[in-house]
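Okay, so here's the structure we're looking at.
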Amino acid sequence: MASETTQTNLDSILGRLVVEQGLAKAEEVEEALRIKREAEQQAASDQSLATVLVSRGYVTQRQLDRLRPKAQEEQEQHNRSQQIPGYQILKRLGAGAMATVYLARQLSLDRLVAIKVLPRKYTNNKEFVQRFYAEGRAAAKLNHPNIVQAYDVGQAGEFHYFVMEYVEGRTVYDDIATGQPYPESRALEIAIQIVGALSHAHKAGFIHRDVKPKNIMLTPEGVTKLADMGLARAVSDVEAAEAEAGKAFGTPYYISPEQIRGMVDVDFRADIYGLGATLYHMVTGRVPFDGPNPSAVMHKHLKADLIPPDHVNPALSAGIGEIIEVCMAKNRKERYKNTEDLLSDLEAVKRGEPPLQARKSFDLSALQRMEDTAVSTTGMEHGAERESIGSAMVQHPGFWVAAMGWAVALVLFIILLVRS
Ligand SMILES: Nc1ncnc2c1ncn2[C@@H]1O[C@H](COP(=O)(O)OP(=O)(O)OP(=O)(O)O)[C@@H](O)[C@H]1O
Ligand SMILES: [Mg+2]
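Each residue of the sequence shown is one higher than the one before, starting from 124 at the first, in the working numbering.
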């Protein structure tokens, strides 16, 4: 079984890439593989899958040539990952914008683990590699049932890798990618567990920076786990989000305004925003802001008004809508002040009660706005007062008598002056 799954060769990588990039259908690649195998069995030829795909007209030679370097890099990475001492690689679990994840057996403890192998290009970035090890080691000290446990970091040849708990199951993204939302109570259950994970990590000084449906895993027992905690990023948050452009649901749908602005002091409130955006997607089946390209989406995070979630899905309670809106306030000062307040609101709405902390925060912002308006109105009133005092003086008859007196006195003074 293991030897079967480890036999990843250039052909199968190419076949997968051809389908992933939409160049040919999965059935066409399977058909080509069948033809290739039959030819091999009859010892007629040892054609590669690529040759069959081209000869059947499923893809062009030029399309294959363009895919080949990526396939070779993947194959190389796969071969290297076979050589991580102490681990037996079993199969590829998936790949994100920056790395490939494999299922492996840790030989010493005879347990399954997931290993994230970084591409070779990161090896030359000394500053990043240092951060990768420092954060990985620190993350291994975290221990929480809702955080994918980090076990180890290391280097095999030119590749750096991150060993973590293997979560058998799927991601939230797998469930909602079809556009079908979760029932509100299920979404609340997931959010409650993720807030617990974030709260634990924030107390230990970690900010996740990339809370999104693809980083929330669900075990068959219904336990929710936040993945990639303590995994250093090689590039800025915006670059990381943009790197996924072109992949379905890969554009920066969950990134906070302050991360887009490149603020240096990004804090736990960025994770609250990411969780709010994730919750929005979970209960409406839609991302909060959409657009034709990453910069259009990011512009909306900065400027556009959020369509209230209960306007998209009228079955939602008002409470969950209020929670999401507070989490996703553009100004982080208007978000939840801590994860405990957010947790108590999520639990209240789950019990069918109103989210008191969100209401308080709405009231505070409303109060602030009222104060602002009052200040500017008072300013206007003072101005008006001054104006009305002036006009009242002009309207008073005594004013004109006095003015006439002064005018006569001035004329007499001038006559006297001329005569003398
Ligand atoms: N600990 C794990 N256990 C099991 N499968 C995992 C684990 N970590 C990741 N995976 C699988 O590997 C895939 C790729 O993960 P990876 O973190 O590289 O990318 P991503 O989260 O999808 O996107 P990004 O690179 O933006 O974080 C995931 O979608 C998931 O299916
Ligand atoms: Mg991930």
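Think of the CB as a built atom: it goes at the ideal place given N, C-alpha and C, for glycine as much as any other residue.
Proximity test, residue i beta-carbon vs ligand 2 heavy atom, cut-off 8 angstroms
i, result
"G219", "yes"
"D388", "no"
"D351", "yes"
"N102", "In the structure displayed, the chain extends from 124 to 543; residue 102 sits before or after that span and is not available."
"N338", "yes"
Whole-angstrom C-beta distance between residue j and residue i, which should lie under 8 angstroms
i, j, result
"Y459", "V449", "6 angstroms"
"E288", "P343", "Rounded, the Cβ-Cβ distance is 15 angstroms, inconsistent with contact."
"D390", "I330", "6 angstroms"
"V334", "D394", "5 angstroms"
"I315", "L140", "I315 to L140, Cβ: 39 angstroms. No contact."
"M405", "Y305", "5 angstroms"
"Y284", "I207", "6 angstroms"
"L109", "Q186", "Residue 109 is absent from the structure shown; the chain starts at 124 and stops at 543."
"A400", "Y376", "6 angstroms"
Residue i (DSSP reduced to helix, strand or coil)
i, result
"M451", "coil"
"Q303", "coil"
"L341", "strand"
"K483", "helix"
"L146", "coil"
"L429", "coil"
"L137", "helix"
"L349", "strand"
"S467", "helix"
"R542", "helix"
"E161", "helix"
"E476", "coil"
"F412", "coil"
"P417", "helix"
Close-in-space but distant-in-sequence residues of the same chain around residue i (CB under 6 angstroms, 5 per side omitted)
i, result
"G444", "P431, P432 and D433"
"V295", "P336 and I339"
"P380", "H424, L425 and K453"
"L224", "Rather than Leu, the amino acid found at residue 224 in this sequence is Val. Closer than 6 angstroms at Cβ, skipping near neighbours: L216, G217, A237 and K239."
"E281", "R243 and T246"
"G397", "V334 and Y377"
Spatial neighbours of residue i in its chain, beta-carbon cut-off 8 angstroms, leaving aside the 5 residues before and after
i, result
"A262", "A273, F329, M352, G353 and L354"
"V142", "K148, A149 and V152"
"E476", "G442"
"P415", "none"
Any non-hydrogen atom of ligand 1 closer than 8 angstroms to residue i Cβ
i, result
"V224", "yes"
"L216", "yes"
"M287", "yes"
"E291", "yes"
Close Cβ partners of residue i (< 7 angstroms) along its chain, the five nearest in sequence each way excluded
i, result
"K193", "L140"
"S171", "D134"
"L156", "G138 and L172"
"L439", "E307, V406, P432 and D433"
"R509", "At R509 the pLDDT is 39, less than 50, meaning the model places this residue with poor confidence and gives no usable figure here."
"G408", "I299, G302, Q303 and P304"
At which residue ranges does the region 175-254 contain complete beta strand (DSSP E) runs of 3 or more residues, listed in the order of the chain? Listed in chain order, the complete beta strand (DSSP E) runs (minimum 3 residues) inside the region 175-254 are 210-218, 223-229 and 234-240.
Please go through the region 251-299 and give each complete alpha helix (DSSP H) segment of 4 or more residues, from N-terminal end onward. 295-299
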